[in-house]
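Here my numbering = 1-based position in the first sequence + 170. Every residue gets a Cβ at the ideal spot worked out from N, C-alpha and C, and that includes glycine.
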Amino acid sequence: MEKLFIYNTLSRTKEEFKAINPPFVGMYVCGPTVYSDVHLGNCRTFMSFDIIYRYLLHLGYKVRYVRNITDAGHLEGDADVGEDKISKKAKLAQLEPMEIVQKYTVGFRDIMALFNTLPPSIEPTATGHIIEQQEIAKKIIDNGLAYESNGTVYFDVEKFAKTNNYTALTNRKLEELLENTRDLEGQDDKKGRLDFALWIKAKPEHLMKWPSPWGVGFPGWHIECSAMSTKYLGEQFDIHGGGMDLQATHHTNEIAQNIAYCGKSPANYWLHTNMLTVNGQKMSKSLGNSFLPIELFTGQHPLLNKGFTPMTVRFFMMQTHYRSTLDFSNEALEASEKAYNRLMDSYKTLQSLKPSGTSTDIVSKLQKDCYEAMNDDFNTPVLIAHLFEAVRIINSANDKKMSLTQKDIDLLHRIYQHFVFDVMGLKKDEETGKAYKALEGVMNLVLSLRDKAKSNKDFTTSDEIRNNLTALNIQVKDSKEGTAWSI
RNA sequence: GGUCCUGUGGCCGAGCGGCUAGGCAGAGCUCUGCAAAAGCUUCUACAGCGGUUCGAAUCCGCUCGGGACCUCCA
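Given below as structure tokens:
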């Protein structure tokens, strides 16, 4: 197996990937907080990790992929004093909090399925692991790194930092963090300005609360990931991922909790995906520039010229490396749509390719290039560049400008299967279902009538048919082998 | 304000010391009843100014843009 290199936020370099216990790989990714519809930025992160998951599977690893659903403990507004996001939404909608959770969890899964992302091996919820979270909090108190204050349990960051590197993920100086932290209202119970809550005392009106050794309350946000990753992947596992916006606070605190709990930093490789931007600004709910995936599919959004299929969007995202920001625009999406269609049309052409001539090593070189791209920190843009080399080869062979042996053709099939379908998770958008079968039959009928007109040199009729089809967004393509069409 | 990242051709985006990805758009040619598709060719860029080096888009410094985090977000 070729060496796989992964950019590790901990070292800020690309490192060779070595699993703790091969062929098994444990991967934890911070999932969504299910208090509203997922937006496209969320989807980008999960699609990036889907590629990583798929590629590890393709390489033969047995991956346990854990991605949590945050259904409690994630607060609104300033740290540790705001209202629980889900509770708030439940009150506004006059629903049970778990109705909110259910609605948006199902919606999230539906959207991710449309994007053809594989479901994780385990999708645990915070509310399903209250006991585990309490146990971790207790142990951290026992270890002297957390304290209870008026029903809330805080992590003692400054004490922890005396013997541990609290800022390993961000490379910041603790003193600077201390200087720059704002004074917040209602946090008088804290000893240190950087301390964060493991367990939070519930106000009487709070909807989601549980008994605990410190009174009725609910878990802090960061501790759920410590609890669930430890439970399902062990105290130390291979990969931990999430969006870059989680790096400084959520992941930093998560590492601190794990070390305070069991003396071990949880993951060897920390991966962070970059943000999706719109007109150069981060796509975020609070800025009001976020699209819902469904708006993107239908084109029903003021910033969108038209709709795009889920696979076009997926391909569009794969054209940018996961650690770069991806700026959203109609023009870029339209370009991706054409490119994606070309890639898929070429696959169709491949099905009818006839072998001839002698073999060259050009196809096996191409396969090697594809692996090299993916082994270099999952570089999908470079992979796609190589795949367009395959497109060129297939089309040249189809035009009889190049010859391919059966072996070459088989290898091209495998390259498509492995990289386009298995690893990138692309698939044909349509060509399934009754409606498409019917359309196919109608098209064959229409085109045979047009062929008849053409062979009678009745170009008025043949052009009329073609022009009308073009108006319906159906493109007619004549060639020596016959007439093809595409939408 | 502090910390960090970033600035590539008309547009999107890789590359990150020498071998000048890729896609979209544009131009020309081949094919074709015409067109489309496809193929080939073409357009050859690295914010600015200095420095290091035989050699810099790639390293260093400064200047000017853009962004992220520090405060809920993937």
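(request) For leucine 615, count neighbouring C-beta atoms within 10 Å of its own C-beta (all shown protein chains included) and say buried if the count is 16 or more, exposed if not. (result) exposed
(message) Using the three-state DSSP reduction, which class does aspartate 408 fall into: helix, strand or coil?
(response) strand
(request) Leaving out five residues on either side along the sequence, give the residues of the same chain with a beta carbon under 8 Å from the beta carbon of methionine 453. (result) His209, Leu210, Gly211, Met445, Leu446, Thr447, Asn459, Ser460, Phe461, Phe498
(message) Using C-beta distances below 6 Å, list every residue in its chain close to serine 656, excluding the 5 sequence neighbours before and after it, in chain order.
(response) Gln645
(request) Out of Glu504, Phe485, Arg493, Thr519, point me to the one whose CA is closest to asparagine 475's CA. (result) Glu504
(message) I need the straight-line Cα distance from proline 436 to threonine 295, nearest angstrom please.
(response) 19 Å
(message) Checking 8 Å against the spacing of the C-beta atoms, do tyrosine 231 and proline 193 come in under that value?
(response) yes
(message) For the pair the region 628-641 and the region 261-277, tell me if three or more CB-CB distances fall below 8 Å.
(response) no
(request) Counting only runs of 4+ residues fully inside the region 541-627, write out the alpha helix (DSSP H) ranges in chain order. (result) 550-568, 576-585, 604-625
(request) May I have the straight-line CA-CA distance separating isoleucine 635 from alanine 605, to the nearest angstrom? (result) 21 Å
(message) Rounded to the nearest angstrom, what separates glutamate 405 and serine 399 at their Cα positions?
(response) 8 Å
(message) So, for alanine 249: in the same chain, excluding its five sequence neighbours on each side, which residues have a beta-carbon less than 6 Å away from its beta-carbon?
(response) Only weak support is given to the placement of alanine 249: the predicted model assigns it a pLDDT of 48, under 50, and the question is left unresolved by the model.
(request) Take the Cβ of glutamate 302 as the centre, count every other Cβ of all protein chains shown within 10 Å, and call the residue buried at 16 or more, exposed below. (result) buried
(request) State the DSSP-derived secondary structure class of serine 656, mapped to helix, strand or coil. (result) strand
(message) Considering only the alpha carbon of each residue, which of Gly321, Pro551, Ile190 lies closest to leucine 496?
(response) Pro551
(message) Within 10 Å of its beta-carbon, does serine 494 have 16 or more other beta-carbons around it, so buried, or fewer, so exposed?
(response) exposed
(request) Report the rounded CA-to-CA distance for glycine 356 versus alanine 372, giving the unit in angstroms. (result) Confidence is the limiting factor: at glycine 356 the pLDDT is only 49, short of 50, which leaves the residue's position unreliable, though a coordinate-based value still follows. Taking the straight line joining both Cα atoms gives about 14 Å.
(message) Using only the alpha-carbon positions, how far apart do tyrosine 402 and glutamine 427 sit?
(response) 17 Å
(request) Could you please give the first and the last residue of the uninterrupted beta strand (DSSP E) stretch that includes leucine 446? (result) 446-448
(message) Can you tell me whether histidine 442 is helix, strand or coil according to DSSP?
(response) strand
(message) Taking 8 Å as the threshold (C-beta atoms), are leucine 574 and leucine 523 in contact?
(response) yes
(request) From the DSSP output, in three-state form, read off lysine 379 for me. (result) coil
(request) Can you tell me the Cβ-Cβ gap for leucine 368 and phenylalanine 325, rounded? I've got them flagged as a contact below 8 Å. (result) 6 Å
(request) In angstroms with no decimal places, state the Cα-to-Cα distance between leucine 441 and methionine 594. (result) 18 Å
(message) Which residue wins for smallest C-alpha separation from asparagine 178, given the options Ile429, Asn438, Ala242, Glu610?
(response) Asn438
(message) Rounded to whole angstroms, what is the Cα-Cα separation between alanine 623 and leucine 617?
(response) 10 Å
(request) Kindly indicate which residue of Leu339, Leu364, Glu346 has the alpha-carbon position closest to the one of alanine 155. (result) The structure shown does not extend to residue 155, since the chain spans only 171 to 657, so no value can be given for it.
(request) Enumerate in chain order the residues of its own chain whose CB-to-CB distance from leucine 344 is below 7 Å, with the five nearest sequence positions on each side excluded. (result) Ala331, Tyr336, Thr337
(request) With DSSP as the reference, label alanine 249 as helix, strand or coil. (result) For alanine 249, the predicted model reports a pLDDT of 48, less than 50, meaning its position is unreliable and no value from the coordinates is stated.
(request) Could you tell me the distance, in whole angstroms, from the CA atom of isoleucine 409 to the CA atom of tryptophan 380? (result) 31 Å
(request) Please classify valine 612: is it buried, with 16 or more other beta-carbons within 10 angstroms of its beta-carbon, or exposed? (result) exposed
(message) Tell me the residue span of the alpha helix (DSSP H) that contains glycine 277.
(response) 267-284
(request) Tell me, to the nearest whole angstrom, how far the beta carbon of lysine 598 is from that of methionine 488; I am working on the premise that it is less than 8 Å. (result) Contact flag wrong, Cβ pair sits at about 16 Å.
(request) Kindly identify the DSSP beta-bridge partner or partners of tyrosine 510. (result) Tyrosine 510 pairs with nothing; no bridge assigned.
(request) Could you check what DSSP says for glutamine 489 in three-state terms: helix, strand or coil? (result) coil
(message) Can you check which of these residues, Glu349, Pro374, Ile370, is closest to glycine 362 by C-alpha distance?
(response) Glu349
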